[in-house]
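Take a look at the structure set out below.
There are 2 protein chains.
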Amino acid sequence: MVVRDEVRKMKTVAPLVAAMSNEARCKALKCVAEKLAEKKDEIFAENKKDLEAAAENGVADAIVKRLKFDEGKLRDVIAGINQLVTLDDPIGKITLDRELDEGLRLTRVTCPIGVIGVIFEARPDALVQISSLCIRSGNCPVLKGGKETTFTNRILFGIIYDAVIEAGFPEGCMLQVEQHNEIDELLKCDGLVDLLIPRGSNAFVRYIMDNTHIPVMGHADGVCHIYVDKDADIDKAVNIILDAKTQYTAACNAVETLLIQRDEELIGKLMPKLVKALAENGIKLRGTKEVIDKVDALAKTEAGSLEFEAIDESEFKEYLALIVSAKFVDTVDEAIDHINLHGSHHTDAIITENSEVAERFMQLVDSAGVYQNCSTRFADGFRYGFGAEVGISTSKIHARGPVGLEGLVTYKYKLVGHGQIVGDYASGKSSFHFKDL
Amino acid sequence: MVVRDEVRKMKTVAPLVAAMSNEARCKALKCVAEKLAEKKDEIFAENKKDLEAAAENGVADAIVKRLKFDEGKLRDVIAGINQLVTLDDPIGKITLDRELDEGLRLTRVTCPIGVIGVIFEARPDALVQISSLCIRSGNCPVLKGGKETTFTNRILFGIIYDAVIEAGFPEGCMLQVEQHNEIDELLKCDGLVDLLIPRGSNAFVRYIMDNTHIPVMGHADGVCHIYVDKDADIDKAVNIILDAKTQYTAACNAVETLLIQRDEELIGKLMPKLVKALAENGIKLRGTKEVIDKVDALAKTEAGSLEFEAIDESEFKEYLALIVSAKFVDTVDEAIDHINLHGSHHTDAIITENSEVAERFMQLVDSAGVYQNCSTRFADGFRYGFGAEVGISTSKIHARGPVGLEGLVTYKYKLVGHGQIVGDYASGKSSFHFKDL
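These protein sequence lines are chains A and B, in that order. Under this note's numbering, residues 91 to 527 are what the first sequence spells out, in order. Under this note's numbering, residues 91 to 527 are what the second sequence spells out, in order.
In structure tokens form, the structure reads like this:
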């Protein structure tokens, strides 16, 4: 397959998909959900092939867990599709309706972005979620999943594609590419692909961003911070830190850096509990010398097995593992400056009972998500009530944070007149009156 | 000046500017307007130096017209600032307010993008407009204007900067760079500059896009089309084509390609009038052989001095001159396909009295602006009632079309809880209820 030729065909099909009615798009989704349920045994059989290959190749258990597509995951993706059907149509919303002059009417209408390339990790449920979001929002996806789920992806894509065609979508409205080298072909399709959404490792996303002229939405790093203020509730702080680090350690919204106010009372109360909790959960602490000096003193009496290491704060980074960095800061403003300069503008939390300090933090921290007294792990499209997400964006352009349907739409301006020319407005013969309707 | 160091300082100042109240931002704008009026003689004196240098260097008259900053232009930019003050605050708008669960509240709030690099042509009024839009929207601009207006830019920037500082903005909230090589330094400031807006020639914008990892908003080409349908009002068609070509020939929203329905009656009525009008206005026609054959026959009887040339449609392009391409198409769908594949997704118009055909065109043409029965020249922030524009975007990501205040904002998600962790939702101990407030 020559990717460019297929994508070029898709480009001409995309406006037709964009013009499909809300009913037609919802019908297609229902059709997808039905077919997935009907063909579940075939899907599981193909998934077994991927799992067998993974076992042969000695793939790690954590990854195998993601590859697996079973009754539970099928139920979840079907529930997701059904939820998408109930959401408001993101397309065709009039967001501006203005009479520029008598008989010259400007409207701004939301519409699909068009052709979207999504490159995602080896997770069959991701293929279904991304496809569903694209169908709901009238976009044409080019899908490239992880190679470890080739068999499962192939049957899932086939089922979804057949279902949308049966529901009246035009041929060529979805495309799957399977070969890794086809990613490079896709990256060269600027002018045809409107948006790329890469998901995966920092290095992979960076590679995509560095090797294409197509706009890219997503995130490379996820260096999330938790700042513990002197007015923090200590138990909330420890509990939230543990959840943010351990609930899904490899996630981009897991916490990587703790900033703790340099307050004697806070440090006196927090550190023993924190050290104990980290030790019990097998989390290694990489702190500045000042932090480690405190920990060292505590470790002798309470921490037992806590593993720790003194590092320079310039070595703080995204671990995606049971390791956390820590340093003390004098004020909330020092925490804010650290986060804005060293963070990745993903999700950062403050733990405090002081609402004034919390407001300052949430106002000045320049991240997609700014939280008070809850875990950074909440940064997720499903948990925000978006039904699903195609990814999380740390860019400030277009969509920011978890990206659901709203991030998959753009708009166009429609202007209807009856022969108006700009010359008449330039000469003063006509003039604008700008009436919002 | 080391641009990176200055921009790094600006990055830490940007959240403070983002937190300025609506009143403070409006006060700053009023202060700018007052100071500009007060210091007009000094401004005109500096502008005279630029004009003298232009005369010495033999700069073309059309460009000198843009360099000139006189009473009229000063009045216009001050009127623009006063209009901006009256517009709704784009910052701090709550666009989502949702209780995820009891005591866990998610809000989405609009906020400034942050640090924005704007590289613009030699037009002093552009410097004032862009600065004003950034002040109104709480953004920190790095401004690089055309070298032909160095003296004028320097004094204007100084006046604006002093005014905003006087109004309480933090030091370093605006930056001007003057050297061409500093553009390359700016392009390397990814992670510090959030958005680049280049204005200027196709080649220049393309250079910026190809040499930075910072998101770029703008447009390279502006290949705008007018499609004349068989149900067109002939006089409207000719009048609109002339306006779209001649009212400001060098503008990105000037028409470059005419698509005319291959309908005997239409061609019979339209072509004589069109040929005559083009000839009278000194517009050269570069048509397909079929078009030129028709024109040739007409030229003998009516056109007189019409200059024309037969070319292949693959040679159609952006002229920014008194030249227009033309070809015949069988249907509106053929016109749509041509525009979607060969256009630049800027602004495209249909001339027809048939509303069904117009709707099809406006639905399926994938451009920032789709017009019926009016000139493509209306694609402009001022004419849309946005007060001013920082540029026009042909991207479908973030802002599309003329970009005013709304295109200079992003949003952040704020989540406030009282100790909630994701583990409790994963285990089923807690569950989301998603209530929009």
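All residues carry an ideal CB built from backbone N, CA and C; glycine is no exception. The structure presented is a predicted model; accordingly, all values stated were derived computationally and were not measured.
Residue i classed as buried or exposed, judged by whether at least 16 other C-beta atoms fall within 10 angstroms
i                      : result
residue 430 of chain A : buried
residue 371 of chain A : exposed
residue 185 of chain B : exposed
residue 284 of chain A : buried
residue 307 of chain A : buried
residue 264 of chain A : buried
residue 527 of chain B : exposed
residue 132 of chain B : exposed
residue 176 of chain B : exposed
residue 404 of chain A : exposed
residue 516 of chain B : exposed
residue 136 of chain A : buried
residue 428 of chain A : buried
residue 97 of chain B  : buried
residue 92 of chain B  : exposed
residue 95 of chain B  : exposed
residue 144 of chain B : buried
residue 309 of chain A : buried
residue 438 of chain B : buried
residue 274 of chain A : exposed
residue 519 of chain A : exposed
As assigned by DSSP and simplified to three states, the class of residue i
i                      : result
residue 527 of chain A : coil
residue 266 of chain A : strand
residue 288 of chain A : strand
residue 179 of chain B : coil
residue 191 of chain A : strand
residue 498 of chain A : helix
residue 121 of chain B : helix
residue 280 of chain A : strand
residue 457 of chain A : coil
residue 463 of chain B : strand
residue 163 of chain B : helix
residue 314 of chain B : strand
residue 258 of chain A : coil
residue 362 of chain B : helix
residue 475 of chain B : coil
residue 506 of chain B : strand
residue 351 of chain A : strand
residue 105 of chain A : helix
residue 211 of chain B : coil
residue 493 of chain B : strand
residue 302 of chain A : coil
CB-CB length for residue i against residue j, believed under 8 Å
i                      : j                      : result
residue 204 of chain B : residue 104 of chain B : 5 Å
residue 119 of chain A : residue 171 of chain A : 5 Å
residue 435 of chain B : residue 456 of chain B : 6 Å
residue 167 of chain A : residue 287 of chain A : That pair is no contact at about 18 Å.
residue 139 of chain A : residue 241 of chain A : 4 Å
residue 206 of chain B : residue 224 of chain B : 6 Å
residue 398 of chain A : residue 382 of chain A : 6 Å
residue 467 of chain B : residue 340 of chain B : At roughly 12 Å, the Cβ-Cβ gap does not stay under 8 Å, so residue 467 of chain B and residue 340 of chain B are not in contact.
residue 281 of chain A : residue 99 of chain A  : 14 Å between Cβ atoms; not a contact.
residue 500 of chain B : residue 201 of chain B : 6 Å
Near the ligand SAM: residue i beta-carbon under 7 Å from a heavy atom
i                      : result
residue 225 of chain B : Absence of the ligand SAM is noted for the structure shown, with no ligands found whatsoever.
Original post:
Taking three-plus beta-carbon pairs below 8 Å as touching, is the segment 169-186 of chain B in contact with the segment 492-500 of chain B?
Top reply: At 8 Å Cβ cutoff, the stretches touch.
**OP:** Scan the segment 213-256 of chain B and note each continuous beta strand (DSSP E) run of 3 residues or more that stays entirely inside, going in chain order.
**Re:** Qualifying beta strand (DSSP E) stretches, in chain order: 230-234.
**OP:** Say whether the segment 265-284 of chain B touches the segment 228-247 of chain B, bearing in mind that this needs 3 or more beta-carbon pairs closer than 8 Å, one atom from each stretch.
**Re:** Contact holds: three or more Cβ-Cβ distances are below 8 Å.
Original post:
Contact between the segment 414-421 of chain A and the segment 287-299 of chain A: three or more CB pairs below 8 Å?
Top reply: Cβ pair count under 8 Å is below three, so no.
Original post:
Considering only residues of the segment 398-433 of chain B, which uninterrupted beta strand (DSSP E) runs meet the minimum length of 3 residues and lie entirely inside it, listed in chain order?
Top reply: Listed in chain order, they are 398-400 and 413-419.
**OP:** Would you check if there are 3 or more beta carbon pairs closer than 8 Å linking the segment 202-222 of chain B to the segment 151-170 of chain B?
**Re:** In short, these stretches touch, since the Cβ pair count reaches three.
**OP:** Flag this pair as touching only if the segment 146-161 of chain B and the segment 257-266 of chain B have three or more C-beta atom pairs under 8 Å; answer yes or no.
**Re:** With the cut-off at 8 Å, the segment 146-161 of chain B and the segment 257-266 of chain B do not touch.
**OP:** Could you tell me whether the segment 456-463 of chain A touches the segment 405-419 of chain B, using the rule of 3 or more Cβ pairs below 8 Å?
**Re:** The segment 456-463 of chain A and the segment 405-419 of chain B do not touch, with fewer than 3 CB-CB distances between them shorter than 8 Å.
Subject >> At least 3 beta-carbon pairs within less than 8 Å: the segment 220-233 of chain B vs the segment 501-514 of chain A >> reply: Touching, no, given that fewer than three Cβ pairs across the two stretches are closer than 8 Å.
Original post:
Any chance the segment 316-327 of chain A sits against the segment 348-360 of chain A, with 3 or more Cβ pairs inside 8 Å?
Top reply: These segments touch.
Original post:
Does the count of Cβ pairs from the segment 363-381 of chain A and the segment 445-454 of chain A closer than 8 Å reach three?
Top reply: Result no; under three Cβ-Cβ pairs closer than 8 Å.
**OP:** Kindly confirm or deny that the segment 435-443 of chain A and the segment 352-367 of chain A touch, where touching means at least three C-beta pairs closer than 8 Å.
**Re:** Cβ pair count under 8 Å is below three, so no.
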